[in-house]
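Residue numbering for the sequence shown follows the numbering used here, beginning at 1 and increasing consecutively.
The beta carbon of each residue, even a glycine, is placed where N, CA and C say it ideally should be.
None of these values were measured; they are calculated from a predicted model.
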Amino acid sequence: MEKFINALLILLGILAMIFPNSFLAPTIAVMILSTAAIILRGKITYNYKILFFWLVLSVIFVFYMIGNTKYSSFFPELFFKYCISPFCWIVIGTYLKATFDYRKIIKLLSVISFFSLGSVIVLYALMSMGYISIVKLFFANPNIDTNKLGFTLHVYGTLIFFAINFKTITQLFPKFLVILYTLLFIITIFLSGRTALILTFLLGVFYYFIFNFLNIKKSVAISMFLMIFLFIGLAYNYRMVEDYFSIDLSQYIETNLNKVKESGGEERSQQTKEIIEAIKNYPYGTGFDEVFIIRDYVKRFNYEVLILATIMRFGIITFIIILASLVSTMGWNIRNLFKDRLENFWLLGFISILLSSFTNPYLESIAFQWMFFLPIVFMAKDNVKISFT
Numbered sequence: 001m002e003k004f005i006n007a008l009l010i011l012l013g014i015l016a017m018i019f020p021n022s023f024l025a026p027t028i029a030v031m032i033l034s035t036a037a038i039i040l041r042g043k044i045t046y047n048y049k050i051l052f053f054w055l056v057l058s059v060i061f062v063f064y065m066i067g068n069t070k071y072s073s074f075f076p077e078l079f080f081k082y083c084i085s086p087f088c089w090i091v092i093g094t095y096l097k098a099t100f101d102y103r104k105i106i107k108l109l110s111v112i113s114f115f116s117l118g119s120v121i122v123l124y125a126l127m128s129m130g131y132i133s134i135v136k137l138f139f140a141n142p143n144i145d146t147n148k149l150g151f152t153l154h155v156y157g158t159l160i161f162f163a164i165n166f167k168t169i170t171q172l173f174p175k176f177l178v179i180l181y182t183l184l185f186i187i188t189i190f191l192s193g194r195t196a197l198i199l200t201f202l203l204g205v206f207y208y209f210i211f212n213f214l215n216i217k218k219s220v221a222i223s224m225f226l227m228i229f230l231f232i233g234l235a236y237n238y239r240m241v242e243d244y245f246s247i248d249l250s251q252y253i254e255t256n257l258n259k260v261k262e263s264g265g266e267e268r269s270q271q272t273k274e275i276i277e278a279i280k281n282y283p284y285g286t287g288f289d290e291v292f293i294i295r296d297y298v299k300r301f302n303y304e305v306l307i308l309a310t311i312m313r314f315g316i317i318t319f320i321i322i323l324a325s326l327v328s329t330m331g332w333n334i335r336n337l338f339k340d341r342l343e344n345f346w347l348l349g350f351i352s353i354l355l356s357s358f359t360n361p362y363l364e365s366i367a368f369q370w371m372f373f374l375p376i377v378f379m380a381k382d383n384v385k386i387s388f389t
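Pasting the structure below:
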């Protein structure tokens, strides 16, 4: 039974990390089957603090869902997304923590991230060769103009979690794989045009340098020299890159700088203003209602600025409960951020997904919720155990 569960979880990792949202129905099916198998066949000692907060927040979410009848047809979907799916990821995370050495888990996830990076390059190559129908299996509306950077894929959400964990890769893999991983990430960032991915990768490199500086390692000088050399080389030869790929790098850079200035772009900036105004007027929450700016004409309550949208929907008090649950379960990890601990992988990934959630609704997607709940489980202080019946 244990082998069956492990096989299901590997399949779930592939679906949720390499092809998130591309095969959502199979992803959900495997997630539910894995959870059911763990609960039925394994006796697990759970972290009851995490389960308590999950239960309290689920009751609050249901209250706000029921209170808004305008979108009652979406209630089953929202109930699964906000209540059932988090529970599944908590159970799966607890099983992984109780069963495997944390180093093996982090290494396996990092290996899968290699394939996530590779999938971007393979799909871009297929699109360049005209196989648009194959690419559309993985993303409904990819950018089909190969002369314009900003190739849209769901997998960038996964890579945001790993972009900040550059140091983890240097701890787990030999140098040639670290170099390959870095090159793949730079190419992917170049193709993606995603500001959040660019910023988290730079933050990860910055953390690596700062960590090494604080620990007085000689490799810092060499690493900094190589990075500076790389950026100078790219800057010096950017015209050659533009001519070869038939793209406008200056426009690419200007677009991303503007996104940073406007907090994710003009539309997100406008959303932020409208939602903040709604929070001021309804501090106890609006439920699943829309503000003036509409981004999805089917689910009119969906917004990219997820953190603010959560406060607007469920109120300031609920948001304080969420913060309290996070601080009480894993806040102790922050003081260890600059210690040489592989476990910082979870904290750094969690920080990156929280930062990106200010302008991206990744946590509204079931396939991406592992980036939120697995770190919570792994960073909580406990001694989870499992035995199979």
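At the C-beta level, L374 and W89 come within 8 angstroms of one another. Restricting attention to I198, L109, F173 and I366, the CA atom closest to the CA of A29 is found in I366.
Taken atom to atom, the span from the alpha-carbon of F63 to that of F314 is near 9 angstroms. Closest by C-alpha distance to Y362, out of Y282, V155, S328 and T27, is V155. As the crow flies, the alpha-carbon of P20 is around 32 angstroms from that of F211. Counting only the Cα atoms, M65 lies some 50 angstroms from K175. Between the beta-carbon of M379 and that of M330 there is about 4 angstroms, and that keeps the pair under the 8 angstroms contact cut.
In this structure, the CA atom of A125 is about 31 angstroms from the CA atom of L355. Here Y181 carries a helix assignment [DSSP, helix/strand/coil]. Of the residues V111, V59, L180 and F161, the one whose Cα lies closest to the Cα of L199 is F161.
Under the three-state reduction of DSSP output, F373 falls in the helix class.
The shortest C-alpha to C-alpha distance from L306 to any of S357, F206, A25 and Y284 is the one to S357. Look at T359 here: in three-state DSSP terms it is coil, with no helix or strand label. In terms of Cβ geometry, P26 and L9 do not form a close pair [threshold 8 angstroms].
Comparing alpha-carbon positions, the option among P283, V327, S113 and L137 lying closest to S22 turns out to be L137. Here the alpha carbons of L342 and T35 stand approximately 27 angstroms from one another. Inclusion of I189 and F173 in the CB contact set at 8 angstroms is not warranted, their separation being larger than that value.
With respect to the C-alpha of I44, the residue from K81, K97 and G157 having the closest C-alpha is K97. With a cutoff of 8 angstroms on beta-carbon distance, Y303 and Q271 are scored as near each other. The Cβ atoms of S116 and I187 do not sit closer than 8 angstroms to each other. Under a 10 Å Cβ-count criterion, I106 is classified as buried, with 16 or more other Cβ atoms of the shown protein chains found around its own Cβ.
Between V120 and L191 the beta-carbon gap is near 6 angstroms, inside 8 angstroms, which marks them as a contact. F63 sits in a helix when the DSSP states are folded into three classes. Look at N344 here: in three-state DSSP terms it is helix. Using a Cβ distance threshold of 8 angstroms, F288 and F301 count as a contacting pair. In the three-state scheme derived from DSSP, where H, G and I count as helix and E and B as strand, I18 is classed as coil. Straight through space, the alpha carbons of I50 and M312 are spaced by roughly 24 angstroms. By the beta-carbon neighbour count (other beta carbons within 10 angstroms, threshold 16), K167 is buried.
Taking each of T359, F368, K3 and G118 in turn and checking the Cα distance to L184, the smallest one comes out for G118. Judged by beta-carbon spacing, K3 lies beyond the 8 angstroms limit of E364, meaning their Cβ atoms are not closer than that value. Counting only residues of its own chain and dropping the five nearest sequence neighbours on each side, Y181 has a CB closer than 6 angstroms to the CB of I169. Pairing I351 with S113, the inter-Cα distance amounts to about 18 angstroms. In this model, P76 and I84 are separated by some 10 angstroms (Cα to Cα). By the CB criterion at 8 angstroms, G13 and V377 fall outside the cutoff.
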